[in-house]
Amino acid sequence: MALNLRQKQTECIIRMLNLNQTVINPVGGGGGTANEEVYKILIYDRFCQDILSPLIHVKDLRKHGVTLYFLVDKDRKPVHDVPAVYFVQPTQLNIQRIVLDTSRALYDSFHLNFSSSIPRPLLEDLASGSVNSDSIQRISKVHDQYLEFVTLEDNLFSLANKNCYVQLNDPSAGDKEIEEIIEKIVSGLFCVLATLAVVPIIRCPPGGPSEMVASLLDQRLRDHLLAKNNLFTESGNFTSSFQRPILCIFDRNFELSVAIQHEFRYKPLVHDVLGLRLNRLNVKGEKGGMKSFELDHSDPFWMANGLLEFPEVAVEIETQLNKYKKDVEEVNRRTGGNAGAEFDGTDLIGNTKHLMSAVNSLPELTERKQVIDKHTNIATALLGEIKERSLDSYAKMESEMMIRGGIDRNELLSVLRGKGDKMDKLRFAVMYLISTESLSPSEVETVEVALRESEVDTSAFQYVKKIKSLNISLASANSASRSNIVDWAEKLYGQSISAVTAGVKNLLSSDHQLALTRTVDALMEGKPNPESDSYLVFDPRAPKSTPGSSSSHLKGPFKEAIVFMIGGGNYVEHGSLQDLARSQQPVKHVIYGTTEILTGGEFVEQLDVLGKKMGLGSSDIAPAIK
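Residues 1 to 626 (full-length UniProt numbering) make up the sequence shown, in order.
Written out as structure tokens, the structure reads:
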């Protein structure tokens, strides 16, 4: 059975809501109930609220006996004779709040669930705090749930670690800060693997954050597997690489352009332009008010057409609308209604012969109309932004730049002085810098002047330019003022920093396949490939050995993969990997995860922060946002 992260995490949450009792017939999306229904209160923090939001709706909470739900940091009144389910991160602040709640006897009993493993010092604080307040008897159970990640689709997740790229590339960051970030990433990945109950073969390029994460995760899994009752017992003792998934770990500098470029596929476009967050977005309706929409697995149009180019989506909306109208006319005809009449429940009264089939088709038709209306609203909002900002031109020109390895001066200036907001122009300029392997100082100056004319802060542009110069000669950097940058460039990125300036070679091939997708394909196939032959191999189930020296059978082939991007991922990479999986025979399965899902603008804002930390750019100009 294919790995389905959404279903697995939903099952864990449902079990938690049922006081960690076994649930009868759990179904991804909120099904199943415990043997005995107990009414309860749910308390969560903001991080865990984001975990719950894409998976569990209010009706699902009620189905599992949750009558009230509150944020842990809000003042709450006592509700006696009712148990409370807490779902929070294991932090000092949350422990203090729980101790306060138990001391005030807010609820009958407390079922404490932590999103990741609670550290021993915090567990001791919880114990001593509840003993001192004479309330320890109210704490029924304490569980480590290993759910510290946000699942958006069956095969898409985020650790929701904000500003990870900035933190890993901060020139002032010390060893301790870097280690804390790596530890946080490893903890999140461990939670994902524990939820899936799989121990993968781990592959990563040598050097940089990817090796640091892979090495620490390998050790974490090894230590855990030594425990008698470990979280992976149910996954069995698979030894064949074909039965176990491969976990491919990359860092953002492996392929920088895809995090910045304008994209014209439906899902990335909706995310980038309309601000899709946790599968929800708000768009202006016809009458000027805001409309809120959910875009998840329950929306068949979104799941079927999310990877299409926007013009194809517009055609598909029109096609489905016409089909809907024909089906309505058919129902009206069969029930004796007027063909031209508005579809209404009263039209069903006239013809008893076809009444039952018409009644049965009514909910399905209504649901189809709601989906069509939703995507018509979204497409209309997108079209307005595309026209106003000329987003189609940006996407086309950037794609051509990556293929051709540059663009002529007149085309460049035409875009930078044309339509688009400040961030659009900044993204385009950075794409130009990345795609063109060698630029003269005068060419760079032309871009900077054009950006300043549009009052765009050039800090992000200057940062990428600096990274390019560092890559050419790390040793030439000023050791007095930039020693830490050189240190971390060598320690963190090693050879992978060259990917920043790889231009067309490591950005897009002739068939527009991303370098990430090509590499994952090679790793899953397990065949000799110059792009992946140097990648390290970690097998947490095998005896400890030097990374990369494992047996050849651990190098594939694999039918399932988990691909993880450190420093920010996006819907473009997710879509490209799903295209790859579906094109294989037999069909393969790829889960894509990242430290956080970012739009192109959000990622460039992180480049902007790094530029300012290095004292680069136009400090007298406001940040480059619309």
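Heads up, the beta-carbon is just placed ideally off N, CA and C, and yes, glycines get one too.
Everything numeric in this text was worked out from a predicted model, so none of it was measured.
Beta-carbon contacts of residue i that lie in its chain and below 8 angstroms, excluding the five residues immediately before and after
i    : result
L216 : I182, E183 and V186
E177 : Q167 and D170
K544 : R222
R104 : P78
K74  : none
E525 : G556 and P557
Y324 : L365, R368, K369 and I372
Buried or exposed (CB count within 10 angstroms, at least 16 for buried), residue i
i           : result
H80         : exposed
V328        : buried
M290        : exposed
K465        : buried
L226        : exposed
L383        : exposed
L470        : buried
residue 665 : Summary: the structure shown does not reach residue 665, with the chain confined to residues 1 through 626, and so no result is reported for it.
Q96         : exposed
L554        : buried
D175        : exposed
G288        : exposed
Y266        : buried
K588        : buried
Q398        : According to the sequence displayed, residue 398 carries Glu and not Gln. Looking at its Cβ environment, which holds 16 or more other Cβ atoms inside 10 Å, E398 is buried.
K228        : exposed
D408        : exposed
T233        : exposed
K425        : buried
Q585        : exposed
R417        : exposed
E180        : exposed
6 angstroms CB neighbourhood of residue i in its chain, flanking five on each side removed
i           : result
I136        : S130
S459        : D608, G611, K612, L616 and G617
S481        : Since pLDDT at S481 reaches only 32, below the 50 mark, its modelled position is unreliable, and the value read off the structure follows with that caveat. Result list for S481: empty, nothing under 6 angstroms.
F149        : F157, L159, G188, C191 and V192
residue 628 : It is not possible to answer for residue 628, since the shown part of the chain is limited to 1 through 626.
L516        : E255 and E573
Endpoints, the alpha helix (DSSP H) within which residue i is located
i    : result
P268 : Y266 to L274
E318 : F310 to R334
M16  : L5 to L17
S399 : L391 to R404
D424 : K422 to S435
V99  : Q92 to S103
S442 : P441 to E453
L42  : Looking at the DSSP string, L42 is not in any alpha helix (DSSP H); the run it does join, the beta strand (DSSP E), is K40 to Y44.
F603 : G600 to K613
L256 : Element bounds for L256: n/a, residue is neither H nor E.
D108 : Note, D108: premise wrong, no alpha helix (DSSP H); beta strand (DSSP E) at Y107 to F114.
G208 : G208 to L225
V198 : Element bounds for V198: n/a, residue is neither H nor E.
N305 : P300 to N305
Where the beta strand (DSSP E) through residue i begins and ends
i    : result
P54  : Counting along the chain, P54 falls outside any beta strand (DSSP E), and DSSP gives it neither H nor E.
E294 : M290 to E294
L68  : V66 to L71
P83  : V79 to V88
V283 : R280 to K284
V456 : Careful: V456 lies outside any beta strand (DSSP E) and carries neither H nor E.
V587 : Unbroken run through V587: none, as it is neither H nor E.
Other residues of its chain near residue i: CB distance less than 7 angstroms, five sequence neighbours each side excluded
i    : result
T595 : L159, N161, C164, I185, I566, G567 and G568
M212 : I182
K374 : F293
I260 : R427, V430, M431, G600, F603 and V604
Q145 : C12, M16, N113, F114 and S115
Y493 : Low confidence applies here, because Y493 scores a pLDDT of 42, under 50, leaving its location unreliable; read the following figure in that light. Closer than 7 angstroms at the Cβ level, and outside the excluded window around Y493, lie G207, G208 and N253.
S241 : Here S241 scores only 44 on pLDDT, less than 50, and its place in the model should not be relied on; the value that follows carries that caveat. Closer than 7 angstroms at the Cβ level, and outside the excluded window around S241, lie I201, H553, L554, G556 and F558.
A381 : L274, V283 and K284
I386 : D392
A214 : I202, C204, I249, L536 and F538
E153 : R6 and H297
*asked:* For the pair the segment 600-610 and the segment 575-584, tell me if three or more CB-CB distances fall below 8 angstroms.
replied: Segments in contact, no.
*asked:* If we require 4 or more residues per run, which alpha helix (DSSP H) segments fall completely within the segment 124-191?
replied: For the segment 124-191, the full-length alpha helix (DSSP H) segments reaching 4 residues or more read 164-169 along the chain.
*asked:* For the segment 120-134 against the segment 217-224, do three or more pairs of beta-carbon atoms, one drawn from each stretch, fall closer than 8 angstroms, so that the two count as touching?
replied: At 8 angstroms Cβ cutoff, the stretches do not touch.
*Taking the runs of the alpha helix (DSSP H) that are 4 residues or longer, which of them lie wholly in the segment 507-579?*
Whole alpha helix (DSSP H) segments, 4+ residues: 515-525.
*Using 8 angstroms as the threshold, is the segment 386-395 in touch with the segment 247-254, meaning 3 or more CB pairs across them?*
When Cβ pairs closer than 8 angstroms are counted between the two stretches, the segment 386-395 is seen not to touch the segment 247-254, the count staying below three.
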